[in-house]
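If you're matching positions, the sequence shown starts at 17 in my numbering and goes up one per residue.
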Amino acid sequence: MPFYRSVGQIPDKRHTQFRQDDGSLYSEELMGQEGFSSDSSLLYHRYRPTAISSSTEHRPEKAEPSPNHPLKPRHFRTHKLDAAGDAVFGREHLLSNADVRISYSVADKPSPLYRNAIGDECIYVESGAARVETSFGAIDIGQGDYLIMPMSTIYRVLPEGDEPLRTLVIESTGHITPPKRYLSVRGQFLEHSPYCERDLRSPAEPLLVDGEDVDVYVQHRGRGSATLWTKFTYAHHPFDVVGWDGCLYPWVFSIHDYEPITGRIHQPPPAHQVFQGPNFVVCNFVPRKVDYHPDAIPVPYNHHNVDSDEVMFYCGGNYEARRGSGIEQGSISLHPSGFTHGPQPGAPERSIGAEFFDELAVMVDTFRPLELCEPALDVEDTNYAWTWNRDPGL
17 MPFYRSVGQI PDKRHTQFRQ DDGSLYSEEL MGQEGFSSDS SLLYHRYRPT
67 AISSSTEHRP EKAEPSPNHP LKPRHFRTHK LDAAGDAVFG REHLLSNADV
117 RISYSVADKP SPLYRNAIGD ECIYVESGAA RVETSFGAID IGQGDYLIMP
167 MSTIYRVLPE GDEPLRTLVI ESTGHITPPK RYLSVRGQFL EHSPYCERDL
217 RSPAEPLLVD GEDVDVYVQH RGRGSATLWT KFTYAHHPFD VVGWDGCLYP
267 WVFSIHDYEP ITGRIHQPPP AHQVFQGPNF VVCNFVPRKV DYHPDAIPVP
317 YNHHNVDSDE VMFYCGGNYE ARRGSGIEQG SISLHPSGFT HGPQPGAPER
367 SIGAEFFDEL AVMVDTFRPL ELCEPALDVE DTNYAWTWNR DPGL
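Written out as structure tokens, the structure is:
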């Protein structure tokens, strides 16, 4: 994360003696990116974070994704994925490539302790609420929140309330950050950024949990692009950090705090960008005033992103550009490279004179083709590809 934080108890100087009440040393852990050459945090444990008593292979059920072939736009209705579980092993994988995997989860029970050792995760809450416990402390999430979980952070998700926690999960093979153009060379949000440090939340106090022989499931790299799973059993509960400081930690940003960038004519998706990752970007479309040129057409023009696949998750309001195509709350559309897409027939004329759009959507643009996972095909609207061929009067 771009700015420094200090939580709980830490010594005056790093890498020096820091003793517990019984005189023993706290165990210092440096958690850092790119070796020792990028953002990091120092965590101080009551017990050794290296002490494991077993390591066993874990094999969750999975199916290999298939190419989008024959090439066509797709529409997936995620609300048909109603088999509730936990927020880790209950993820229904939808789309993936070598850089990113996009999943949907309906969670109504606590997840196991989990560590993603492949890359950062971005978890967007469509509905519901949860408490997320991490080695940095706990943080609450609810509707509209993005949770950025740094690579290799141990955490678990505890749904709260009467309704299940519905989330879109973006798993990266690297790090997810705010767009570089919104940050100074020292990491401060610049004045033209649509959000800033005041909008972010992160753990405010340590979380101490007692326990012995505690299982943690780790997703990690295998041969080539393969993903493997291992179950570690830790001698002591990993939530034993009495304090930490640094610039690497979980943080939350609400989509409702995003200040949209608008103009006299239609603004392209980069004006809506909220995060970037390796070979992909995340944008969000929020309720906003729209174009104010007297001849403006507020909905998007037809466009062909020759370098990217475009994924749109429709999570609130009314997405005017695709009204009449079957898109609904919880829909995900895939508009691949090699296909020109745009507004639904009749939408440009209907939008003329509009002053405000009440819509909420999360978009992921990838710069390598996305493949289709079985759960996505199970809930596909197979008529979507032909919706641009409909009579605008229908």
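Cβ coordinates follow ideal geometry from the N, Cα and C atoms, glycine included.
Does DSSP put E390 in a helix, in a strand, or in coil? If DSSP states are grouped into helix, strand and coil, E390 belongs with the helices.
Start and end of the alpha helix (DSSP H) containing A133? From DSSP, A133 is part of no alpha helix (DSSP H); its letter is neither H nor E.
If the criterion is Cβ atoms closer than 8 Å, does the pair L181 and A133 meet it? Taking 8 Å as the cut-off, the Cβ atoms of L181 and A133 do not count as close.
Assign R117 to one of two classes, buried (16 or more other C-beta atoms within 10 Å of its C-beta) or exposed (fewer than that). buried
Does DSSP classify E213 as helix, strand or coil? E213 falls in the helix class under three-state DSSP.
Looking at L350 and D325, is the spacing between their C-beta atoms short of 8 Å? yes
Determine, using beta-carbon pairs with one atom in the stretch 298–305 and one in the stretch 83–102, whether at least three such pairs fall under 8 Å. Result no; under three Cβ-Cβ pairs closer than 8 Å.
Between A114, A392, R406 and C389, which has its C-alpha nearest R338's C-alpha? R406
Is the Cβ-Cβ distance between E149 and V185 less than 8 Å? By the CB criterion at 8 Å, E149 and V185 fall outside the cutoff.
Compare the Cα-Cα distances from H191 to each of S70, P166, Y211 and Q204 and report the closest residue. Taking only the C-alpha atoms, the option nearest H191 is P166.
Smallest Cα separation from Y308: which of P361, E365, E108 and I281? I281
According to DSSP, is K96 part of a helix, a strand, or is it coil? Assignment of K96 by DSSP, reduced to helix, strand and coil, places it in the helix class.
Can you give, in chain order, each stretch of the alpha helix (DSSP H) that sits fully within the stretch 323–410 and has at least 4 residues? The qualifying runs are 363–367 and 390–394.
Which of the three DSSP states, helix, strand or coil, is assigned to I271? helix
In three-state terms, what does DSSP make of H85? In this structure, H85 counts as coil in the three-state DSSP scheme.
Whole angstroms is fine: what's the gap from L410's alpha carbon to R197's? Since pLDDT at L410 reaches only 46, below the 50 mark, its modelled position is unreliable, and the value read off the structure follows with that caveat. In a straight line, the C-alpha of L410 is about 43 Å away from that of R197.
Evaluate contact between the stretch 254–271 and the stretch 55–64, counting only Cβ atoms and requiring at least three cross-stretch pairs below 8 Å. yes
Cβ contact (3+ pairs, closer than 8 Å) linking the stretch 143–160 and the stretch 68–83: no
Label N399 either buried or exposed according to how many other C-beta atoms from any shown protein chain fall within 10 Å of its C-beta, with 16 as the threshold for buried. exposed
Can you say whether L206 is buried or exposed, counting buried as having 16 or more other CB atoms within 10 angstroms of its CB? exposed
How do the stretch 236–245 and the stretch 43–56 stand: do at least 3 beta-carbon pairs fall below 8 Å, yes or no? Contact fails: fewer than three Cβ-Cβ distances are below 8 Å.
So what does DSSP say about Y198, is it helix, strand or coil? helix
Is there contact here, the stretch 346–363 with the stretch 271–279, by at least three beta-carbon pairs under 8 Å? With the cut-off at 8 Å, the stretch 346–363 and the stretch 271–279 do not touch.
Which residues DSSP lists as bridging V148, in chain order: I155 and V173
Between the C-alpha atoms of Y265 and T249, what's the straight-line distance to the nearest angstrom? 23 Å
Under three-state DSSP, which class holds A6? Since the first and last residues shown for the chain are 17 and 410, residue 6 lies out of range.
Sub-8 Å separation of S200 and M47 beta-carbons: no
Quick one: what does DSSP say H208 is sitting in, helix, strand or coil? coil
Pop quiz: R384 and N295 are said to be a contact at Cβ under 8 Å. What is the actual Cβ separation, rounded to whole angstroms? 6 Å
8 Å Cβ cutoff met for I348 and V315: no
If I follow the unbroken beta strand (DSSP E) through R237, where does it start and stop? Membership of R237 in the beta strand (DSSP E) is indicated by the continuous run E228 to R237.
Enumerate in chain order the residues of its own chain whose CB-to-CB distance from I368 is below 7 Å, with the five nearest sequence positions on each side excluded. I313
So what's H288 in DSSP terms, helix, strand or just coil? helix
Minimum C-alpha distance to D231 - residue among E213, S209, F255 and L223: F255
Is it buried or exposed for V142, if we count other Cβ within 10 angstroms and need 16 for buried? The sequence as given places Glu at residue 142; Val does not occur at that position. That one is buried.
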